[in-house]
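So the sequence shown is numbered by the UniProt record's numbering: it starts at 1 and just counts up by one. We put the CB at the ideal spot given by N, CA and C, even for glycine.
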Amino acid sequence: MKTHRSIEPRRKHRLTRLGFHFLFVGSFAMLGGALRGFNLLLVLAGLLVGTLIMQWRWSKRSVEAVSVTRRSPEEAFVGKPFRVRYMLRNHSRLMPVWMMRVEDRVESVDHSSVAVAICAAPVISAKQTVGPHCDLLISRRGRYRVGPITLMTTFPFSLFCSQQIVDDREEFHVFPEILTLRTDWRRLLISKSGGMSTTGRRSGPSEGDFFGLREWQTGDSPKWIHWRTTARMNEPAVRQFEQQRRFDTCIMLDAFRSSTDERLPLASPDSETDAFEFAISFAATLMIHLVGTPSNRVVLAIASKTSEAIIGAGSVVGKRKMLELLADVQATRQPDLREAANRALRIAGAAQDLVVISSRSLADARIADPLLNETIAPWTRRNAFRWINTRDREIQRWAIRKESSSVDANHPADQAAVEANQVRETATLEMEASS
């Protein structure tokens with residue numbers, strides 16, 4: 001969690017609508033009592049004005065005694081709730097504070113989505129720190145900005161509203177949605193049939209998870225012997241491990257979309273937009289699964305309006321930079337695939353396999369760029385090239401679409417994905433606040 005330093009706040013104090021009514025009645029009673037000589041009206045006016053003064057002093061002192069800071073999460077993904085926590089510190093030595101409300105403005109950098117995150121602290125004792133939180137659910141990837149933070153109270157009579165505005169602004173990325181991969185996605189990635197790539201390489205005979213026990217075979221290492229089982233069966237028995245593979249892969253995202261109207265929302269029901277966003281989510285999902293193993297060497301290349309490439313080998317910083325690139329991807333009619341491939345080639349060399357994820361077919365890409373075959377020749381000559389079209393039905397062998405009806409009921413990953421997708425929402429920007 002990121003903690004931000006305290007910033008000198010601005011304070012505002014104003015009457016509420018109920019306060020204006022109170023003030024009007026008090027002024028009317030004071031004026032009537034003074035003109036008519038009715039002492040009861042003057043007493044009533046004094047009570048009303050005294051209540052207003054007490055409310056003003058109490059709410060003003062409460063706001064001045066409390067400081068607020070924000071703790072934002074390290075990662076935020078589309079369709080997955082993430083928590084923003086606010087630390088409220090009461091600096092008063094004697095006076096507790098009641099009914100403090102926190103409002104934090106949340107908007108996308110392009111100002112297409114605006115909302116307010118709200119949470120509250122019922123009571124803050126003297127010299128106490130509380131941490132109310134707000135759970136946010138955002139359904140569009142990209143960069144967002146939070147701030148300023150408004151701390152307010154109308155306790156006890158809601159006659160005055162005292163506010164403390166902290167100009168604490170920060171930007172954060174909402175990463176693409178993480179999909180559910182099929183259980184056999186690794187087998188598909190290392191398959192050679194049909195011109196597919198061979199990205200899997202063995203990482204050593206002793207690596208992997210413990211699988212079971214078996215009889216001794218010639219060539220087994222003595223350190224694999226399970227001595228208890230050997231003593232019980234009076235025959236040599238060795239531990240068997242599930243063989244792990246090392247993936248040296250370059251994942252290239254083809255950010256092609258024929259309709260690049262900036263006014264078109266990312267959550268548009270347009271099928272081309274869905275395929276484009278699905279390609280980004282699939283690239284992010286595949287990258288996270290590969291980078292999660294330290295022995296893997298993964299390069300992410302983006303072919304968009306500007307081509308970029310970055311390498312990651314299991315580090316948190318590298319994974320975050322890759323996700324930020326995917327969150328900022330913009331669609332274009334003419335992505336520069338050759339430049340992205342050349343950047344990836346300079347970073348990792350031709351030893352890595354190339355997996356291109358796109359919302360169009362390879363034939364369409366070759367028609368749009370006749371020199372593409374020459375660029376990908378270092379990979380095609382080694383049979384280390386794969387083109388994955390997210391508009392093709394083959395994508396269902398890799399991951400599960402939300403709207404996909406061809407789900408295997410006996411597939412455990414499919415069942416889990418269906419249950420997860422049923423509770424996800426597709427609004428432009430939704431937020432759930434809790435205290």
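Inset, instruction - Answer with yes or no whether the minimum CB distance from residue 136 to chain B is below 8 Å. - result: Of the chains in the structure shown, none is chain B; there is only one protein chain.
Legend entry - Closer than 7 Å: residue 394 CB and nearest the ligand MG heavy atom: This structure lacks the ligand MG; in fact it carries no ligand of any kind.
Inset, instruction - Check the DSSP bridge columns for residue 100 and list the partner residues they point to. - result: 121
Legend entry - Beta-carbon gap between residue 335 and residue 304 smaller than 8 Å: yes
Inset, instruction - Quick one: using the 10 Å Cβ neighbour count with 16 as the cut-off for buried, is residue 124 buried or exposed? - result: buried
Legend entry - Neighbour-count burial assignment, residue 306, 16 or more Cβ in a 10 Å radius: Label assigned to residue 306: exposed.
Legend entry - Neighbourhood of residue 16 by C-beta distance below 7 Å, restricted to the same chain and skipping five residues each side: 154, 158, 159, 160 and 161
Inset, instruction - Consult DSSP for residue 190 and reduce its assignment to one of helix, strand or coil. - result: helix
Legend entry - Under the three-state DSSP convention, the category residue 288 falls into: In the structure shown, residue 288 sits in a helix (DSSP, three-state: H, G or I).
Legend entry - Cβ-Cβ separation, residue 22 to residue 52 (assumed contact under 8 Å), whole Å: So it is a contact: roughly 6 Å between Cβ atoms.
Legend entry - residue 258 burial status per 10 Å Cβ neighbour count (16 or more: buried): exposed
Legend entry - Straight-line gap, residue 108 to residue 47 (C-alpha atoms, nearest Å): 48 Å
Legend entry - DSSP bridge partner residues for residue 66 (one or two, in chain order): Under the DSSP definition of a beta bridge, residue 66 partners with 90.
Legend entry - Residues bridged to residue 320 [DSSP beta-bridge criterion]: DSSP lists no partner for residue 320.
Inset, instruction - Keeping to the same chain, check which residues put their C-beta closer than 6 Å to that of residue 171; ignore five residues upstream and five downstream. - result: 143 and 145
Legend entry - Identified DSSP bridge partners for residue 248: Residue pairing for residue 248: DSSP places it in a beta bridge opposite 297.
Legend entry - Residues near residue 14 in its chain [Cβ-Cβ closer than 6 Å; skip 5 each side]: 161
Inset, instruction - Return helix, strand or coil for residue 367, following the three-state DSSP convention. - result: helix
Legend entry - Whether residue 249 touches residue 353 by CB criterion (8 Å): Yes; because the gap between Cβ atoms is below 8 Å, this pair is in contact.
Legend entry - Contact between the stretch 30–47 and the stretch 177–185 (3+ Cβ pairs under 8 Å): No, they do not touch.
Legend entry - Run of the alpha helix (DSSP H) containing residue 21, from where it starts to where it stops: 17–36
Legend entry - Straight-line Cα distance separating residue 322 from residue 256: 19 Å
Inset, instruction - Count the other CB atoms, across all protein chains shown, that sit within 10 Å of the CB of residue 167; report buried if there are 16 or more and exposed otherwise. - result: exposed
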